[in-house]
Amino acid sequence: VLFPPDPPDATVIPLQHCDSAWKSALDHADLVDNLLATELREGWIRPVPGGDEELRRRYRHTAVGKLGVVVSPDRPPRLVVDSSVSGVTSNTHLPNKAPNPSLADVRKCLPLCPANESLAALVLDVSKAHRRVCVRHDDQGLLCFRHRDVLYQSVTLNFGARASGFYWNRVAGLLVRLTHRLWRVRHSAQIYVDDLLAILLRSSAPLLSALLVVLLCVLRVPMSWHKAALSARVTWIGWSFDFETFTVQLDPSKLRRLLDLLRLLSDSPRCTISALEKLTGKLLWLSNLFQSFRPSLDLRITSPLPLVAIPVGCKLLRIAHTQVSSLKDVPQHISSRRVWVQVANPLRPERELSPESLEVLRMWLALASSPQPFRWLLYRPLFVCEASADACADSTSAGLGGFIRLPDGRQACFAQTLCAELLSDLFPWFPSGTSPQHCIAAWEMLAQ
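To convert, take the position in the sequence shown, counting from 1, and add 3; that gives the working numbering.
Written out as structure tokens, the structure is:
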């Protein structure tokens, strides 16, 4: 399923030829040489001997983007061609956004309770997925780039083009539908970009997996066979699943990097926008295990910065000792002397986290570093009943109470009174001598 395309940009960048590559490709020129040699050998790219003039002579529409390389500690380096700076992205009107399966979708495919039949999972990965889709000859002048003053053109779709997501999503959907038609027994099959996860009964998993492998070989789908796995314990898109115990945890290597980043940002209130965006993306991934804490990731960070010259785009926060929220709060005549103003500057790469945001980061650090990293995969069974609970408190004690009524008419209730001394013994965070009435929200949550 593809989302509708975005509305056309207000400003359409004309097609243009960029003269250089991004800094990542320039700093790793030798690595780029090796990657380009592989792509030349596979026939995915080819040089343009005559340069820009020859490219314009061959094709009606031409553009040259900027080459970059992505170096990640847990995966091989890969080349990326930025087609936005060359104007190709703004001139392409294709729906390239599609909903990918998440951890919640995997949970919905599992039995409601542990079954007598054991399960197994099959993980397959399509090798260089975007490179398997050929570019129409008339459009081969659009996905071009330079390296060491040599002009290259892409014969197949590259990573980074808007068209790549659109066409590969259609191919991936076709592969999943063929899998469903091939397997007529109970199963689950879903694909995240190019990573396939199938859940099967363990008794039939070897036979069905072999049938699918034969089909992929007949269709000549290039696979990364070293990533293939058929087991009750598999790793898929960063999650480690155990279908014997129906538990899941974040991949240990990804968890270590997340903990390092959390400790780095929670120790100091100042950070860069790039580090904050990187951490937010990782925490959004982790929030699949902690859905109730997902709203805490709506981080709104402002850093008041005293400036002599205020850049365009800043938000005015304070004039002298007066807070400003709208233009009518600004006095017509401020002062005859120099006045300090505070602004939130979106153009500055540094941000300062508020105390509340630091508390949120420490909360996620405590969750991620829990001594029990596993989470139960199966949903809790639906329990139909009518229940209610509440709490009350005064300066000396707190009271909890509630009731439950079952569909057959049976009901039960409870009531408990806890003095302040007992509350201090039970909860270390509740200091001795504090009025329980000050923590009424905590007692209401405890009653629930």
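C-beta: ideal position from N, C-alpha, C; glycine also. Quick caveat, the model's predicted, so the values are computed rather than measured.
- Every beta strand (DSSP E) of 3 residues or more that sits fully in the region 200 to 272 is shown, in chain order, as 232 to 234, 236 to 239, 242 to 245, 250 to 253.
- DSSP assignment within the region 398 to 441 yields the following whole alpha helix (DSSP H) runs of 4 residues or more, N-terminal first: 423 to 429.
- The beta-bridge partner set that DSSP reports for T275 consists of E353.
- In the DSSP assignment, V72 is bridged to L82.
- S167 is bridged by DSSP to nothing; it lacks a bridge partner.
- Contact annotation, L154 with V51: C-beta distance approximately 4 Å; criterion of less than 8 Å satisfied.
- With the rule of 3 Cβ pairs closer than 8 Å, the region 122 to 138 counts as touching the region 189 to 200.
- Its Cα nearest to that of T420, the residue D397 stands out among R413, F406, D397.
- Around the beta-carbon of P104, 16 or more other beta-carbon atoms lie within 10 Å, marking it buried.
- Within 10 angstroms of the beta-carbon of V35 lie 16 or more other beta-carbons, which makes it buried.
- Annotated as proximal: L185 and L218, with beta-carbon spacing under 7 Å.
- Below 8 Å, too few C-beta pairs join the region 215 to 235 and the region 72 to 81 to call them touching: fewer than three.
- The region 378 to 385 makes contact with the region 233 to 249; the number of CB pairs closer than 8 Å reaches 3 or more.
- With contacts defined by Cβ atoms closer than 7 Å, A40 and V72 do not form a contacting pair.
- Rounded to whole angstroms, L320 and W343 show a C-alpha spacing of 11 Å.
- C137 has T159 as its beta-bridge partners, per DSSP.
- Here the alpha carbon of Y62 sits roughly 21 Å from the alpha carbon of H150.
- The C-beta distance from L38 to S86 rounds to 18 Å, too long to meet the 8 Å contact threshold.
- By the neighbour-count definition (other C-beta atoms within 10 Å, threshold 16), K69 is a buried residue.
- Check the Cα spacing between Q414 and each of A390, A423, L286: the tightest is with A390.
- Taken through DSSP and simplified to helix, strand or coil, I16 comes out as coil.
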